[in-house]
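Chains as they are written, first to last, in my numbering: chain L, 6 to 234; chain V, 4 to 82; chain R, 4 to 82; chain U, 40 to 770.
Positions of the beta carbon are idealized from the N, C-alpha and C atoms, including for glycine.
This structure is a prediction, so every number in the text was calculated from the model and none was measured.
Take a look at the structure below.
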Ligand SMILES: Nc1ncnc2c1ncn2[C@@H]1O[C@H](COP(=O)(O)OP(=O)(O)O)[C@@H](O)[C@H]1O
Ligand SMILES: [Mg+2]
């Protein structure tokens with residue numbers, strides 16, 4: 006599998022995702038500069054977390070307009086899987102690859118903590134190594150992760166099984182107590198209509214190494230390698 | 004030429020910032036604040052001197068960058 | 004009663020957001036954008052119906068919460 | 040030309056005698072306004088250390104592990120494998136009081152520049168915060184702004200903020216303390232220094248443009264607050280963490296090559312102090328052309344440009360002919376790059392503007408001729424010791440524990456550190472909340488343990504003992520995670536040095552710190568002094584914050600404080616005297632602040648610490664926690680809360696009153712756990728080593744009990760411990 010990680014000037018989880026991919030792939034992903042016009046041939050494109058342009062104006066808005074994103078949008082259109090984590094999710098939203106909006110967290114604070122997630126859709130290249138309904142622990146670290154969409158969009162996402170992950174408690178209940186940021190329907194990650202683009206606020210790459218306190222993020226990368234190799 | 008762009012959240016879009024401000028105003032003892040919405044005010048200084056062209060450029064900037072038209076409305080005023 | 008509060012950075016105060024927007028506009032091909040400053044637009048709906056009292060309350064809210072008077076200026080308009 | 044009136048001189052924070060020295064330095068002529076401004080900042084307390092220098096010489100700053108001690112942008116220690124750790128702590132107290140978000144944010148930005156200007160990538164941030172009483176009208180707003188500002192800057196930079204301290208005390212009502220520490224990692228053979236060299240080499244300005252930010256910030260930082268301090272507001276600097284992220288990456292990219300002769304961040308006193316330091320350290324002169332300086336505003340005067348504290352800027356001297364290569368890197372990162380001057384052999388700082396020379400000053404005088412004051416000082420009178428018999432016992436021991444774990448200083452600071460990205464960079468192997476944070480050295484199995492400590496109430500009662508204790512506690516915190524303590528940085532926050540009692544506190548703290556550093560081989564390699572932390576004559580508690588770094592050779596042996604397994608045995612290391620003077624119990628429960636602080640036996644610290652560390656490295660224990668505020672009982676409760684499991688705590692054989700045994704704050708102590716089968720061996724080994732150790736109970740159940748009684752559920756303790764701060768902030 007060939008993977009490309011897009012590096013924006015303010016990306017700061019680029020190395021973290023590079024390490025996680027390297028571990029699962031057994032080789033280096035390609036690091037692609039945002040100013041490039043083209044993503045080299047890839048089986049997977051990853052938009053990492055960080056503050057692509059300081060998160061000024063709106064998180065992800067300026068990055069969504071960078072030269073490389075035109076090609077990312079084109080490649081996504083051809084079916085190349087695209088994974089956006091945290092700021093990457095915000096960029097996917099701003100570039101129109103995923104619907105809805107990510108608003109300021111309901112509590113107004115940046116929040117960095119482990120959260121529980123329920124895996125809702127296992128029929129994708131990203132989630133094949135999870136069980137449906139499985140409860141995993143993955144960290145979040147964001148200021149603007151409050152997922153919003155209008156009723157029609159929300160209904161479509163739910164109806165088409167495009168909610169990939171939902172915030173939940175240790176029993177798997179997706180109630181208000183388990184919602185860290187006010188996201189509608191406790192949505193933590195969504196898919197495009199073909200299931201080939203995933204945006205998620207939690208950081209699977211942060212818990213893919215036992216020394217960091219857990220490995221619940223690792224199946225995502227192992228699964229990608231198996232599905233895309 | 005100076006242009007003022009106002010970007011506001013569409014009706015029906017949740018406004019967590021507005022909500023937080025409202026809560027904070029209440030806890031400061033301001034009563035009767037029924038709703039608060041927060042938007043952006045963007046002031047542009049542009050070289051263009053023709054008002055029509057300036058307005059057209061600003062509208063284009065809003066569409067392409069300044070506003071997220073999925074959730075936001077915008078207005079453009081020449082100052 | 005509806006009140007519009009505009010909060011802008013004082014002159015001379017660095018505006019990292021404005022700077023980033025300006026650069027992004029340039030890279031989108033918008034030429035001649037000489038300066039961009041970003042401020043906040045806050046719309047308040049308050050129960051008060053006396054314009055003078057409403058304005059006084061809004062000014063007080065600005066001082067206490069809505070504006071950071073160390074680096075920001077504000078104006079209040081009744082809509 | 041502006042006339043040099045006594046008012047103008049006083050406004051610049053200079054005494055008449057200092058002014059006379061300036062005239063002398065200029066060969067008998069009066070300075071112009073620009074020159075006066077430059078001298079005033081260079082000779083301010085903040086830049087010249089004129090009141091503290093004679094004392095700082097007493098600190099212990101050397102050791103085999105030290106690559107660079109105090110005197111550079113940051114200190115540097117060797118951790119083997121050609122890896123060096125670069126770290127420093129700095130205060131941003133006054134700016135944070137005036138504008139908490141930006142003040143704290145730019146404090147973080149400034150300390151990170153100090154670290155990456157030496158060629159290190161920042162890998163962790165910490166901070167020591169002190170606020171006024173929770174009930175004070177400003178406190179909540181200040182806590183909220185400072186925490187957001189620290190997070191806002193560090194999170195955007197992508198450097199994890201992994202630790203710190205947050206305390207509350209009335210003495211900080213009008214003078215909060217915001218001390219930011221940054222730890223970076225460099226290659227030991229590729230470190231960059233500030234000393235410029237050679238003649239005719241280009242002086243380069245990189246980073247953000249210069250605006251009218253923070254002019255007089257450096258003098259403000261040394262000025263006592265009064266009721267008009269609001270007037271000083273427009274001097275606030277605004278940070279742009281995104282610009283700093285670009286600056287970091289661009290600097291590190293250029294540093295991978297060999298084009299740089301010298302580099303220095305522009306911090307306090309901006310272009311002035313960076314030029315003076317670089318030129319003076321290299322023994323050269325600088326000729327600067329201000330017209331070349333990238334400017335954010337029109338019509339800036341030379342005075343403003345030289346004194347501006349706009350953030351995210353650096354000054355470098357390059358090898359001649361390497362400008363284009365450097366320019367390409369900075370332009371790639373969309374940063375300003377300008378050749379603003381040249382090194383000379385004049386030994387002078389000569390500044391031109393619009394074709395005229397606007398300042399011409401001898402560098403040596405700027406850097407070294409600030410008066411050095413041997414301020415009068417009186418030692419703090421030794422407090423009378425307080426016996427346990429003079430301290431009433433509580434009626435409800437377990438209820439008192441619940442009160443203590445929810446006291447503002449003791450309550451969980453989760454609300455704070457969850458606003459910091461403490462995991463980015465993927466190497467945080469021990470997150471905030473434990474004794475020390477541990478960050479893995481990327482790509483290796485080594486870990487760096489870091490902690491920030493000081494107990495100001497001890498320092499107030501007895502500065503010497505308080506200074507010792509701060510170093511000792513930092514040493515213990517690092518040890519408890521399995522770290523070998525290597526070196527420290529300090530941030531000395533005190534009141535006005537012009538008062539003999541305050542100078543006495545300062546002198547005492549330095550003495551205590553120096554002794555402790557020497558005995559523990561835990562030298563100070565960098566630091567900062569912040570004086571004049573007082574409002575209307577009310578000084579803060581003396582607060583010499585200590586930031587320590589230690590090495591865990593193999594993170595598989597890293598230790599945490601959480602109780603682990605049912606049936607594990609608790610062992611207390613260290614002597615028990617039931618010392619209640621200046622204890623948390625006394626302060627929080629009885630509202631008293633009397634007695635002497637607990638004595639610190641440095642030999643015992645070293646012996647006991649070494650013993651615990653060896654147990655950790657040999658894999659013989661399951662948990663370790665240092666004993667400090669609140670003593671044995673609070674320590675046991677913290678371990679229980681962290682592990683979500685109970686324990687039965689046993690007191691010792693000696694006849695200490697129960698409340699003294701439980702709440703006494705005797706030093707050099709640790710509480711550890713071992714599997715029951717291994718406990719005896721540990722006790723035997725301790726005896727052999729001369730380390731006091733005794734069985735102190737067993738792990739298990741959902742309650743914390745003492746000698747089988749006084750049950751309190753761990754869950755209820757957790758609730759109280761976790762809720763105080765979020766509830767307070769929501770209030
Ligand atoms: N209390 C102290 N203990 C040890 N070193 C100190 C102390 N205060 C200042 N220093 C050292 O003095 C030098 C100058 O300090 P400072 O002016 O704060 O640095 P900078 O110019 O980087 O802001 C630094 O090397 C610093 O480490
Ligand atoms: Mg420095």
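- In the DSSP assignment, residue 504 of chain U falls within the alpha helix (DSSP H) that extends over 502-519.
- Each of V:57, V:43, V:71, V:16 was checked against the Cα of residue 65 of chain L, and the nearest Cα belongs to V:71.
- For residue 664 of chain U, the number of other beta carbons within 10 angstroms of its own is at least 16, and it is reported as buried.
- With respect to residue 164 of chain U, residue 201 of chain U sits close: the two C-beta atoms are nearer than 9 Å.
- Interface flag for residue 14 of chain L against chain U is set, since a Cβ pair is found closer than 9 Å.
- If you look at residue 344 of chain U, you'll find it isn't in any beta strand (DSSP E); it sits in the alpha helix (DSSP H) that goes 341-346.
- Listed in chain order, the non-local C-beta contacts of residue 744 of chain U below 6 Å within the same chain comprise 687, 750, local neighbours out to five positions each way being set aside.
- At the C-beta level, residue 388 of chain U and residue 327 of chain U come within 9 Å of one another.
- Residues of the same chain with a CB within less than 7 Å of the CB of residue 117 of chain U, apart from the 5 flanking positions on each side, are 104, 106, 123, 227 in chain order.
- Near chain L, meaning a CB-to-CB distance below 8 Å, the residues of the stretch 35-46 of chain R are 41.
- Using a Cβ-Cβ distance cut-off of 8 Å, the stretch 178-194 of chain U and the stretch 241-249 of chain U are not in contact, since fewer than three pairs of beta carbons, one from each stretch, lie closer than that value.
- Ranked by how close their Cα comes to the Cα of residue 439 of chain U, the residues U:479, U:476, U:702, U:591 have U:702 in first place.
- A contact between stretches requires three or more CB pairs, one per stretch, nearer than 8 Å, and the stretch 187-204 of chain U fails this requirement with the stretch 78-89 of chain U.
- Bridge pairing for residue 769 of chain U: absent [DSSP].
- Separation of the CB atoms of residue 522 of chain U and residue 590 of chain U is rounded to 6 Å, and the pair is thereby assigned contact status at 8 Å.
- Rounded to the nearest whole angstrom, the CA to CA distance from residue 59 of chain L to residue 725 of chain U is 54 Å.
- Under DSSP, the beta-bridge partners assigned to residue 166 of chain U are U:203, U:219.
- In chain order, 37, 38 make up the part of chain R whose C-beta sits under 7 Å from the C-beta of residue 48 of chain V.
- In this model, residue 168 of chain U and residue 109 of chain U are separated by some 23 Å (Cα to Cα).
- Taking CB atoms only, residue 467 of chain U has a neighbour in chain L less than 9 Å away.
- Rounded to the nearest whole angstrom, the C-alpha separation of residue 174 of chain U and residue 434 of chain U is 27 Å.
- Sequence-distant Cβ neighbours of residue 679 of chain U in its own chain, meaning closer than 8 Å and more than five residues away, are 602, 685, 686, 743, 753, 756.
- For residue 116 of chain L, the nearest CB of chain U lies under 9 Å from its own CB, placing it at the interface with that chain.
- The beta-carbon of residue 137 of chain U is placed less than 9 Å from the nearest beta-carbon of chain R.
- Taking a contact as a CB-CB distance under 8 Å, the pair residue 661 of chain U and residue 714 of chain U counts as one, their CB atoms being some 7 Å apart.
- Ranking U:488, U:507, U:486 by CA distance to the CA of residue 494 of chain U puts U:507 first.
- Of all residues in the stretch 43-64 of chain L, the ones placed with a Cβ closer than 8 Å to any Cβ belonging to chain R are 58, 59, 61, 62, in chain order.
- By the Cβ neighbour-count rule, residue 349 of chain U is buried, with 16 or more other Cβ atoms within 10 Å of its own.
- In this structure residue 56 of chain V is exposed. Its beta-carbon is surrounded by fewer than 16 other beta-carbon atoms within 10 angstroms.
- For residue 208 of chain L and residue 82 of chain R, the gap between their C-alpha atoms comes out near 44 Å.
- Its Cα nearest to that of residue 83 of chain L, the residue L:46 stands out among L:16, L:46, L:28, L:220.
- Each residue's CA atom was taken as its position, placing residue 167 of chain L and residue 67 of chain L some 26 Å apart.
- According to DSSP, residue pairing for residue 46 of chain R in a beta bridge involves V:40, R:7.
- DSSP places residue 355 of chain U within a strand segment (E or B) once states are collapsed to three.
- Excluding five sequence positions before and after residue 119 of chain L, the CB atoms of its chain that fall closer than 6 Å to its own CB belong to 142, 144, given in chain order.
- The Cβ atoms of residue 459 of chain U and residue 73 of chain U lie no closer than 9 Å to each other.
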